[in-house]
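First up is the structure itself, then whatever we jot down about it.
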Amino acid sequence: MTVSRALLSALLMLCAALLQITVINRLPLPGTGPDLVLLIVIGLAMVSGPTPGAVTGFAAGLLVDLMPPTATEVGLWAFVYCCIGYLAGQVQVDARRSAVVVLATVGALSAAAVGLYAAIALLFGDSRVTVALFVSTLVSTVLYDLLLAPFVIPGVMALARRTAVNSAVL
Amino acid sequence: MRDSRRTRVVLAILLLTAFTFITIDARGGDNSLLDRARQAAGSVLGPVERAAGAVVNPVRDFVDGFSSINSNQDRIDELSAENNRLQQELLNSDLNSAQLDQFNKLMHITAVTNYDLITANVIGVAVPGGYAHTIAIDAGTIDGIKREQTVMSGDGLVGRVIAVTRTTATVLLISDPESKVGARDARSQELGVIAGSGNDPLNFQLFNGQASVDVGDPVLTSGSKGDRPFVPGIPIGEVSHVFATPGELYRQAKVTPYADLTSLTVVGVVVSAPRKDPRDVLVATETPSPTAEPSQSISPQPSDSVSPAPSTSP
C-alpha cells in the first residue's frame, strides 16, 4: 500500500464514520440503514488486495469502536471489518470487469459482517442480540448496503486506483 | 488469487489483536487500558463530531446552564425572559420549531421541579448494527456533566450518562436492553423496574405480584440512591399493555416511552437535584389524572423517599 493510498484510506474512513454517526444513523429509516464504513472498506480492499484490505478493515473497525457514542467492547468492529477487508481483497481481480461481481460481493460481505458481529457479541455474552433483532438487522443492512453500493463503491475504487497511478508516476 | 504466507500472518496478528482487545475490554473495569484509549479517542473525535454535527444540524449552541434561584417567581421571570429572547432569536435563526418546543418543555420542567438542567444537542447516534442504543451529546465535563446523571427530553426520560469527555458525553437510552430504571406507577404508587427492549416498548416489571396496574397509567422514575443515575419524578411513559400473569411473583407490563427516542434533538442533563422529591408534579403536565396534585401543593414526603441534599455541585 502506498503512502498516498494510506492517507486517502484514512481520510475516507474518518469521513465515512462521521457521516454514519451524525447523519445516517439519525435518518428516520425503517430498519437499520446502510453501513457506509463497510462499503468504503470493501471498495478500498477490492483495489488493494487482501493484506492492505485486512489492515484497512482493522483500522476502520478500531475507529468505529472508539468513536463516541460507543457502548460495546473495543475490538468488535475491528475484528469484523478486518475479516471483511481480507475477504474483499480476494475478489480484486474480477471486480474491474463486472458490476454484478461487485454487488454480489457487497451483498455477501454485508451479511457476513452482520453474522460475524452477532457471533462475537454473543460469545462475549452481549444480552442485546436476539434472534428476531438479528434477522431484521441482517435483512435491512444487506438491502441498504446494496442500494448504496452503486453510489459509493465505484467512486472509492476510482480514487484508490488513481492514488496507485500517481505514486507509480512519482 | 492465492494468499501469500505474509498475508496469512498479517491477518492472524490483526484478528488476534482485535480478539485480545475485546477480551480485555469485556473483563476490565473502568480504568482498563482500553477505557483510557476510549477516553483519549473521545476527546479527539468528540470535537470533530461536534463540528460535523454543527455543519449537519445548523442549530445554535444551546449549552446553557440554568442557575439555581431560591425564589420561584425570580425563576419564572428569568425563564420567561430567556424564553422571549429565544423566541426573538428564532426569528433570526434557522432553529426549527420542534427544537424550540423541546427547549420550552425542558424549561417548564426545571421551573416546576427545580431540577438544574444543562441542555445539549444530540450530535450522533450509535451504529444500529451494534445493537446498542446510545447517543452522543455536545456537553461534557466543562459543562458540569458527570457519569451516571439523568438525561431527559422535554417529553420524558431519555437515559443516563455512561461516558464523558471534555466536550461530549455518551448517553445510554432507556430502550437499550442493558438499561434498567427504577419506576413507579403514578396512579397506584406500585414500584418496579423498567428495562429496555430494543425497538419495542419498554418492559415494566412490578415487584408486587398483585400490583394494580392499568393501561394508560403514567409511570415515573422512582429515583436512585443519592439521585445517581436517576432522579425521582421524571415521567418515563404510559402503560400500553398489561400481561395477565396470575400467581406469578412479578407483574409484567409494557410501557410506551413519552420521549421519542428515535428522533431526539435537544436533551437536558440533570446536574443537580432539588432537596424535595417532586413526586407527581410532572404527571399533571403530561396527562391530567385524578391523583395528580396541582404543582403548588407538593405534600411533604415520607422520610425514605426524600432525596438527600444535592450530591452534585456544578
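For the record, the sequence lines run as chains A and B. Residues 1 to 170 (the working numbering) make up the first sequence, in order. Residues 171 to 484 (the working numbering) make up the second sequence, in order. The beta carbon of each residue, even a glycine, is placed where N, CA and C say it ideally should be.
For residue i and chain B, any beta-carbon pair shorter than 8 Å?
i         : result
Leu44(A)  : no
Arg128(A) : yes
Leu133(A) : yes
Tyr86(A)  : yes
Tyr117(A) : yes
Asp145(A) : no
Arg5(A)   : no
Would you say residue i faces chain A, with C-beta separation under 8 Å as the test?
i         : result
Asp397(B) : no
Ala188(B) : yes
Arg317(B) : no
Ser433(B) : yes
Leu249(B) : no
Phe374(B) : no
Tyr420(B) : no
Thr335(B) : yes
Asp173(B) : yes
Asp195(B) : yes
Tyr285(B) : no
Ile288(B) : no
Ala296(B) : yes
Arg306(B) : Note that residue 306(B) is Ala in the sequence shown, not Arg. It does: the Cβ of Ala306(B) has a partner Cβ on chain A nearer than 8 Å.
Arg208(B) : yes
Pro217(B) : no
How big is the Cα-Cα spacing for residue i and residue j?
i         : j         : result
Gly417(B) : Phe377(B) : 13 Å
Asp234(B) : Ile406(B) : Because the pLDDT at Asp234(B) is just 34, under 50, the model does not fix this residue reliably, and the point stays unresolved.
Leu44(A)  : Leu38(A)  : 10 Å
Thr457(B) : Thr280(B) : In this predicted model, Thr457(B) has a pLDDT of only 43, less than 50, meaning its place in the structure is not dependable enough to derive any value.
Ala149(A) : Gln209(B) : 33 Å
Leu276(B) : Thr337(B) : 21 Å
Leu114(B) : Gly324(B) : Beyond the ends of chain B as shown, which are 171 and 484, falls residue 114(B); an answer cannot be given.
Ser9(A)   : Val55(A)  : 11 Å
Tyr420(B) : Gly379(B) : 4 Å
Gly386(B) : Leu63(A)  : 44 Å
Pro50(A)  : Val351(B) : 46 Å
Val453(B) : Leu147(A) : 45 Å
Thr130(A) : Asn253(B) : 45 Å
Ile315(B) : Asp355(B) : 29 Å
Ile167(B) : Arg176(B) : Any answer about residue 167(B) is impossible in this case: the structure gives chain B only from 171 up to 484.
Gly438(B) : Ala119(A) : 36 Å
Thr304(B) : Leu103(A) : 31 Å
Ala78(A)  : Ala221(B) : 25 Å
Val91(A)  : Val218(B) : 34 Å
Gly362(B) : Leu372(B) : 12 Å
Ala423(B) : Val23(A)  : 34 Å
Output the boundary residues of the alpha helix (DSSP H) element that contains residue i.
i         : result
Thr105(A) : 99–123
Met13(A)  : 3–22
Phe189(B) : 175–197
Beta strand (DSSP E) containing residue i: first to last residue?
i         : result
Ser48(A)  : Ser48(A) -> not in any beta strand (DSSP E); alpha helix (DSSP H) instead, spanning 36–48.
Met67(A)  : That residue, Met67(A), is in no beta strand (DSSP E); it is neither H nor E in DSSP.
Leu327(B) : 327–334
Ile315(B) : Careful: Ile315(B) lies outside any beta strand (DSSP E) and carries neither H nor E.
His411(B) : 405–412
Pro388(B) : 388–391
Leu434(B) : Careful: Leu434(B) lies outside any beta strand (DSSP E) and carries neither H nor E.
Ile305(B) : 304–307
Asp450(B) : Element bounds for Asp450(B): n/a, residue is neither H nor E.
Lys395(B) : Note, Lys395(B): premise wrong, no beta strand (DSSP E); not H, not E.
Gln422(B) : 421–427
Phe374(B) : 372–376
Ile339(B) : Checking the sequence shown, residue 339(B) turns out to be Ala, not Ile. Per DSSP, Ala339(B) belongs to the beta strand (DSSP E) from 339–343.
Val74(A)  : Note, Val74(A): premise wrong, no beta strand (DSSP E); not H, not E.
Val297(B) : That residue, Val297(B), is in no beta strand (DSSP E); it is neither H nor E in DSSP.
Grouping DSSP H, G and I as helix and E and B as strand, with all else coil, what is residue i?
i         : result
Val91(A)  : coil
Ser367(B) : coil
Asn25(A)  : helix
Arg354(B) : strand
Asp271(B) : helix
Asp474(B) : For Asp474(B), the pLDDT reaches just 39, beneath the cut-off of 50, and the residue's location in the model is therefore unreliable, leaving the point undetermined.
Val441(B) : strand
Asn291(B) : strand
Gly31(A)  : coil
Asp286(B) : strand
Val321(B) : strand
Gly362(B) : strand
Pro416(B) : coil
On the premise that residue j lies in contact with residue i, defined as a C-beta separation below 8 Å, what is that separation, rounded to the nearest angstrom?
i         : j         : result
Thr320(B) : Val440(B) : 4 Å
Pro347(B) : Ser48(A)  : With 8 Å as the limit, Pro347(B) and Ser48(A) do not qualify as a contact, their Cβ atoms being about 38 Å apart.
Gly53(A)  : Gly85(A)  : 4 Å
Val114(A) : Thr141(A) : 5 Å
Leu184(B) : Phe58(A)  : 5 Å
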